[in-house]
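The listed protein sequences correspond, in order, to chains H and S. All letters in the first sequence, in the order written, are residues 1 to 407 by our numbering. All letters in the second sequence, in the order written, are residues 1001 to 1407 by our numbering. Every residue gets a Cβ at the ideal spot worked out from N, C-alpha and C, and that includes glycine.
There are 2 protein chains.
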Amino acid sequence: MIKPEEALRIILEEVRIQPFEEVELIDSFGRVLAEDVISDINVPPFDNSAMDGYAIVASDTAGASKKSLRRLKILGELKAGDVSNFEVTSGFALKIMTGAPIPLGADTVVKKEDTDLGDDEVSIFCEVEKGKNIRLAGEDVIKGERIFPTGVHIRPQEIGLLASLGKSKVKVFKLPTVAILSTGDELVEIDEPLAPGKIRNSNTYSLMAQVISCGARPFPLEIARDNVDATKRLIEKGLEVSDTLLTTGGVSMGDYDVVKDVLDDLGAELKFWKVAQKPGMPLAFWRLGEKLIFGLPGNPVSTIVCFEEYVRPIILKMMGRSHIFRPEVDAIFEHDLQKKSGRAFFVRVNVKTKDGKHYVSLTGPQGSGILKSMSLANGIAIIPSETTLVKTGDKVKVHLIDLPEDH
Amino acid sequence: MIKPEEALRIILEEVRIQPFEEVELIDSFGRVLAEDVISDINVPPFDNSAMDGYAIVASDTAGASKKSLRRLKILGELKAGDVSNFEVTSGFALKIMTGAPIPLGADTVVKKEDTDLGDDEVSIFCEVEKGKNIRLAGEDVIKGERIFPTGVHIRPQEIGLLASLGKSKVKVFKLPTVAILSTGDELVEIDEPLAPGKIRNSNTYSLMAQVISCGARPFPLEIARDNVDATKRLIEKGLEVSDTLLTTGGVSMGDYDVVKDVLDDLGAELKFWKVAQKPGMPLAFWRLGEKLIFGLPGNPVSTIVCFEEYVRPIILKMMGRSHIFRPEVDAIFEHDLQKKSGRAFFVRVNVKTKDGKHYVSLTGPQGSGILKSMSLANGIAIIPSETTLVKTGDKVKVHLIDLPEDH
């Protein structure tokens, strides 16, 4: 039996980042860049007006005020998207719209509100500083600049910047496909009637949702019955279609736990079996060629917690992400909790934040089969192996497992 | 010109939650439940073994120890998924696997590790408490219990619980479709060459990504040129296919800003135009029948920031979510920043957390066209309208805009 930290270390050591592929810009959203992006243009590509107004020579407004207007003759007008054939000299102005290129000779834009909106001639009410209301070519990005290095996580603002550079196709790391295999003679599908002695297969569904929440692709397999042939056939199928295989059930000490036997038989290398933790003690982990295989325990909460703590980080790492762990905070425990030494506890908690401090309370009974207390939780508190007593007011580490809007 | 708080208040007042639809269980992930879910079964449905071991009568182990074994005769064995035809009485044991139903008469399971693993007879090494290692029927969910009320946000753990109840179809609020219309003669598509005076249409792409990040469906329209006919045709198309329409550009003070004219003409009710903020001053908001329409400014950063602050919350509200705002924290400002009174500033910042305190630094020049400083940001600091000076060490409110792994 190894410690949770050791299990995580072993798993992370085995992970390889995915190969890359080229996708349409919008499909790169949420993924990780697999190339350096160098700009081949200035952004903006030309000096342009930041306001609707008049392009002028700044010195023409020297000393101007509402009592001492400056009148300039209007040469014409320019809107966004136009090409300028005008040259502005002292005494002249060009009507200009936001985004239109600054004409030759002009060094300033005076905004509409500071004028009388004239059409043939315009009166200017105030002195305008040279360079005012002009967005300079290259003020966002300079031609030849490396905008993003490999490894950048692509969010909406990166999509916008890539679009402005004309990157209609982007190289990103491939999304892993994660096969999911629930095992057990006791399982029935969720739309089947519940015969005596049977329970519904919930693990396949919660795991699919967890895989989707990482941004990866779930591949659910049919239920494997507790016999070597069926289990072997489905494990082989799962390995064929996926980068990583998750099994649930079939890894405890029972005589009918066949997953371990089948993987042995297929030549998978068992990296560890059993972790000193609760829930999730029978967790197993193998490598077979390039594929990683997790043997998750069959209890619904064990499955969810083991995914959170061990599988989620490696899926994010495969996708090229550099931040792969949930936010961890110190929080004040609001119960007394006694436990035996020798196993770390992953405890389902509700985290509340007040005046910058986090407080956690248990969400209910902590049995490995009790999904209700998992469903009430927005955090997993970590009670270390050697701890035997946590008292009200003690600090504990908590992993925040919810989406950000729910904090 | 209204204040940002007032703009948000007006927008939120106009939002209606979406109608519901029934979807496959896995497709309900990330969405909001539009029905109360009552369990028609106990979960687990029957008393079952939490361990691999032997189902016994607890009193048979009274006084047992390694020096004083108790020997019981084995009746047979039961695995997960089996139906029990056995009755266990004093002096007898039934070999039992995790998940198998507890046979009649047995009140306890002694785990494998506390026995000699016998097949005909088994020796027990210790006293076992009555009820030990049994998961009771209904310990997670009791038949008739309301598991979830309408309004629950469905995460992996809710998916698991719904699966265990056999909810293969779930009623959820419909995802809104959000049409996106970028306007301007200066725009070219991202895969077209950049002619003089033109810039690439980046707003459609950043907005699509933002809509996707809310879990809603983007519907990008082609670029609208700055004339009434083209703009009208595309706005009508957008309204036809969507629940909410976002336009970018065409709402400032320029003579060619046609979005306002077209919406007037279509009979849309202008709820406000212009908000005392930077970036995003020309923000406009209309209602037309059941549809909400946002006129976002054309500058790339204005668009992203206005979406974050005004559009994202209403999309989440339409989806039925109750937590619709980004996490807001107090943070220590690491610069001196001077501004005029009269407009709130939304400032692009990098948030760092140390010893439970948040620190923010500017990510670079804050011009409305400068996407690079948006791309370096993980937060938006709010500098209130009346503030004229923020000094190093002052506290500011910050909206955390990143995914949780990136905090």
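Using alpha carbons as the reference points, say which of the options lies closest to residue i.
i                   : options                                        : result
Met-1409 of chain S : S:Pro-1300, S:Phe-1285, S:Val-1110, S:Lys-1073 : What is shown of chain S runs 1001 to 1407, which leaves residue 1409 of chain S out entirely.
Ala-224 of chain H  : H:Ile-26, H:Lys-237, H:Gly-342, H:Met-318      : H:Lys-237
Val-1251 of chain S : S:Thr-1303, S:Arg-1217, S:Asp-1243             : S:Thr-1303
Val-1057 of chain S : S:Gly-1105, S:Glu-1021, S:Lys-1340             : S:Gly-1105
Lys-1130 of chain S : S:Lys-1260, S:Thr-1061, S:Gly-1160, S:Ser-1206 : S:Thr-1061
Asp-1226 of chain S : H:Ile-159, H:Lys-79, H:Val-228                 : H:Lys-79
Thr-392 of chain H  : H:Arg-312, H:Val-398, H:Phe-333                : H:Phe-333
Lys-1073 of chain S : S:Val-1088, S:Asp-1082, S:Ser-1084             : S:Val-1088
Thr-388 of chain H  : H:Val-396, H:Lys-143, H:Lys-339                : H:Lys-339
Asp-1257 of chain S : S:Ala-1377, S:Ile-1026, S:Pro-1282             : S:Pro-1282
Lys-1174 of chain S : S:Ala-1344, S:Ile-1147, S:Phe-1020             : S:Phe-1020
Gly-1063 of chain S : S:Val-1128, S:Gly-1144, S:Leu-1296             : S:Val-1128
Ser-385 of chain H  : H:Ala-55, H:Val-241, H:Glu-22, H:Lys-278       : H:Lys-278
Val-23 of chain H   : H:Ser-168, H:His-335, H:Pro-101                : H:Ser-168
Gly-166 of chain H  : H:Asp-355, H:Glu-139, H:Val-259, H:Lys-143     : H:Lys-143
Phe-972 of chain S  : S:Ser-1123, S:Met-1208, S:Phe-1092, S:Asp-1047 : With chain S covering only 1001 through 1407, there is no way to say anything about residue 972 of chain S.
Gly-91 of chain H   : H:Thr-248, H:Ser-59, H:Ser-68, H:Gly-81        : H:Ser-59
Ser-1375 of chain S : S:Pro-1297, S:Ser-1123, S:Arg-1348, S:Ser-1039 : S:Arg-1348
Ile-324 of chain H  : H:Ile-401, H:Arg-233, H:Ala-93, H:Ile-235      : H:Ile-401
Lys-354 of chain H  : S:Val-1329, S:Thr-1248, S:Leu-1239             : S:Val-1329
Thr-1247 of chain S : S:Asp-1027, S:Ala-1344, S:Gly-1295             : S:Gly-1295
Ile-180 of chain H  : H:Asp-264, H:Leu-234, H:Ser-28, H:Met-51       : H:Leu-234
Examine chain B for any beta-carbon lying closer than 8 Å to the beta-carbon of residue i, and answer yes or no.
i                  : result
Met-319 of chain H : In the structure shown, chain B does not exist; the protein chains are H and S.
With C-beta atoms as the reference, is residue i less than 8 Å away from residue j?
i                   : j                   : result
Lys-1271 of chain S : Arg-1287 of chain S : yes
Thr-244 of chain H  : Val-172 of chain H  : no
Asn-1201 of chain S : Ala-163 of chain H  : yes
Leu-194 of chain H  : Pro-1045 of chain S : yes
Asn-1350 of chain S : Ser-1361 of chain S : yes
Val-1228 of chain S : Val-1262 of chain S : yes
Ile-96 of chain H   : Gly-53 of chain H   : yes
Pro-196 of chain H  : Val-1083 of chain S : yes
Ala-1268 of chain S : Gly-1342 of chain S : no
Ala-1377 of chain S : Val-1396 of chain S : no
Gly-1099 of chain S : Phe-1086 of chain S : no
Gln-366 of chain H  : Ser-1206 of chain S : no
His-358 of chain H  : Val-398 of chain H  : yes
Val-1305 of chain S : Gly-1280 of chain S : yes
Phe-1148 of chain S : Val-1301 of chain S : no
Lys-291 of chain H  : Leu-12 of chain H   : no
Phe-1346 of chain S : Glu-1309 of chain S : yes
I believe residue i touches residue j by the beta-carbon criterion, under 8 Å. Please report the beta-carbon distance rounded to the nearest angstrom.
i                   : j                   : result
Thr-1204 of chain S : Pro-1220 of chain S : 5 Å
Ser-65 of chain H   : Cys-126 of chain H  : 6 Å
Met-319 of chain H  : Pro-176 of chain H  : 7 Å
Val-15 of chain H   : Ile-293 of chain H  : Contact flag wrong, Cβ pair sits at about 13 Å.
Arg-71 of chain H   : Glu-121 of chain H  : 5 Å
Val-170 of chain H  : Leu-25 of chain H   : 6 Å
Lys-372 of chain H  : Gly-364 of chain H  : 6 Å
Asp-40 of chain H   : Leu-136 of chain H  : About 19 Å; that fails the 8 Å criterion.
Glu-139 of chain H  : Ile-1199 of chain S : That belief does not hold up - the Cβ atoms of Glu-139 of chain H and Ile-1199 of chain S are roughly 13 Å apart, past 8 Å.
Could you tell me which residues DSSP puts in a beta bridge with residue i?
i                   : result
Asn-246 of chain H  : Residue 246 of chain H is actually Leu in this sequence, not Asn. DSSP lists H:Ile-180, H:Phe-294 as partners of Leu-246 of chain H.
Gln-1277 of chain S : S:Ala-1344
Lys-352 of chain H  : H:Tyr-359
Lys-169 of chain H  : H:Glu-24
Thr-1108 of chain S : S:Ile-1056
Glu-328 of chain H  : H:His-399
Ala-163 of chain H  : None; Ala-163 of chain H has no bridge partner.
Gln-18 of chain H   : Partner(s): none; Gln-18 of chain H has no beta bridge.
His-153 of chain H  : H:Val-32
Lys-95 of chain H   : H:Tyr-54, H:Glu-77
Gln-1338 of chain S : S:Leu-1389
Gly-1379 of chain S : S:Val-1349, S:Leu-1400
Ile-1124 of chain S : S:Arg-1070, S:Thr-1115
With hydrogens ignored, establish whether the beta-carbon of residue i is closer than 7 Å to any heavy atom of the ligand SAH.
i                   : result
Asp-1394 of chain S : You won't find the ligand SAH in this model; it holds no ligand whatsoever.
Check your understanding: Does the segment 1184-1199 of chain S touch the segment 207-214 of chain H, meaning 3 or more C-beta pairs lie closer than 8 Å?
Key -> no
Exercise for review: Mind the definition here: the segment 25-38 of chain H touches the segment 151-166 of chain H only if three or more C-beta pairs lie below 8 Å; say whether that holds.
Suggested key: With a cut-off of 8 Å, the segment 151-166 of chain H and the segment 25-38 of chain H count as touching, because enough Cβ pairs lie within range.
Practice item. Decide yes or no for the touch test of the segment 1100-1116 of chain S against the segment 1003-1011 of chain S: beta carbon pairs closer than 8 Å, at least 3 of them. Key: no
Review point. Is there contact here, the segment 114-121 of chain H with the segment 131-138 of chain H, by at least three beta-carbon pairs under 8 Å?
Key: In this structure the segment 114-121 of chain H does not lie against the segment 131-138 of chain H, because fewer than three pairs of beta carbons, one per stretch, are closer than 8 Å.
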